[in-house]
Each structure stands twice: as C-alpha cells, then as structure tokens.
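Please read the structure below before turning to the comments.
Residue numbers (the UniProt record's numbering): 1 to 194.
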C-alpha cells in the first residue's frame, strides 16, 4: 500500500492559496455540483446536498492518507474556496503526475485557474521524483486550455476518443510541463553543426 502523503503548509500564487479542504467549503462543492460539466469530469457528485458535499471533502482527505495524490482547495485572497486542484502521481511511472482542476462559475475569468496551476507546478518540482506534469482538456474548453497555457503547459496534441464523458467517447487535448533541466527537449529540432 502506498504511504500517506502530507500537504505542504502553504502553497500560494497570485491572489490564491492552495490548502486542505475543510467543512466550511461545503457551499463551494455544492456550487460545483450544480455546474453542467464539473460532475461529468471529476468526482464531484451531481446536485450534492450538504451531506454529499461533506462526503466529497472527506474523500479528498482519504486520497492523501491513502497515498493516491494531493487534493487542494483553491482559495481566494479572502480564503474562500473557489475550486479544486490535484496532483496525482502516475502509479506505474513515478516521474509523471497528472493534474486536474476546476473553478466554480462564480469565480471564473479572474486568472485563478492559471495561478493555481502555476503554484501547483512550482510546488510539484519540490518533489524529487516528479519530472513531468500532464493534464487533459476538452478541445472546446477554451478557458481551461488558456489557463494551462498561461501557466506554462505546452500543448502536445489531440488524443482521439480518449475518455468516456456522458456515455460518449471524447477527444481530449494533452498538455505537459517538464521539469527544467537545461537540456534540449528530445523532440526539438536539432541539426548537427548548426
């Protein structure tokens, strides 16, 4: 069994902080549960009441204790939860981790997602085993892929029929961010003697 993980004391970015979820974040989870897409793409239950939202929050803490990954609430400058971001190490490749995030509709358009992605990425590089961060975005979700690009993620391509969403196979864009090593990327153009 993987060993328990520990959230850092503070991960901050431009106007946001990444912190553990607490019971006071119930309303944010309830708002996310009413979003037309968040429940389809995440583990947020659809149309959650207080009990369902508290169960979601408890699952975020269990993920940490079970060693599955790091789940943070994205909090604004007033410490109000406005979303979630997670770092999920890939089980069979400890050098890779997947990133997932959501921001409630009432807090969108303020740069919070890109600030959270930047903060999470910089913190992830403090974990010695992580060399590659990757995330997957629906091609039509302009706000999400713009946030990824603003946070330094590079679009690698389109994964056709990658995931089932609402009982349908869907295409997803794959983005990555690589630990800075000072060496050229393997796929970059290189001509001897150039």
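For glycine and all other residues, C-beta sits at the position ideal for the given N, C-alpha and C.
Bear in mind that the values here come from a model prediction, so they are computed numbers and not experimental data.
- With a CB to CB cut of under 6 angstroms and the five nearest residues on each side skipped, what residues in its chain are close to residue 17? Locating residue 17 in the chain shown gives position 17, where the first residue counts as 1. So the qualifying residues of the chain are 75.
- Reduced DSSP secondary structure (H/G/I, E/B, other) of residue 109: Here residue 109 is taken as the residue at index 109 of the chain shown, counted from 1. Coil, per DSSP.
- Query: residue 190 by DSSP, collapsed to three states: which one?
  - Reply: Counted from its first residue, the chain shown places residue 190 at position 190. For residue 190, the predicted model reports a pLDDT of 34, less than 50, meaning its position is unreliable; a value from the coordinates is still stated below. Correct three-state label for residue 190: coil.
- Those residues which DSSP pairs with residue 72 across a bridge: The residue you call residue 72 lines up with position 72 of the chain shown. According to DSSP, residue 72 bridges with 85.
- Closer than 8 angstroms, CB to CB, is residue 133 near chain B or not? You won't find chain B in this structure, because it holds only one protein chain.
- Whose C-beta lies closer than 7 angstroms to the C-beta of residue 69 among residues of the same chain, with five residues either side of it excluded? Indexing the chain shown from 1 puts residue 69 at position 69. Answer for residue 69: 63, 86, 87, 88 and 89, listed in chain order.
- Among 112, 77, 79 and 71, which has the Cα closest to the Cα of residue 98? On the chain shown, position 98 is the one that residue 98 refers to. Nearest option by C-alpha distance: 71.
- Task: Could you say which of 133, 28, 163 and 162 lies nearest to residue 149 if we only look at CA atoms?
- Result: Translated into the one-based positions of the chain shown, residue 149 becomes position 149. The shortest C-alpha separation from residue 149 is found at 133.
- Label residue 203 either buried or exposed according to how many other C-beta atoms from any shown protein chain fall within 10 Å of its C-beta, with 16 as the threshold for buried. Residue 203 cannot be examined here, being either before or after the span of the chain that is shown, 1 to 194.
- DSSP state of residue 151, grouped into three classes? As a first step, residue 151 is located in the chain shown; it is residue number 151 there, counting from the start. Looking at residue 151 - three-state DSSP - the assignment turns out to be coil, as it is neither helix nor strand.
- Query: Do the region 170-177 and the region 43-59 make contact, defined as three or more Cβ pairs closer than 8 angstroms?
  - Reply: At 8 angstroms Cβ cutoff, the stretches do not touch.
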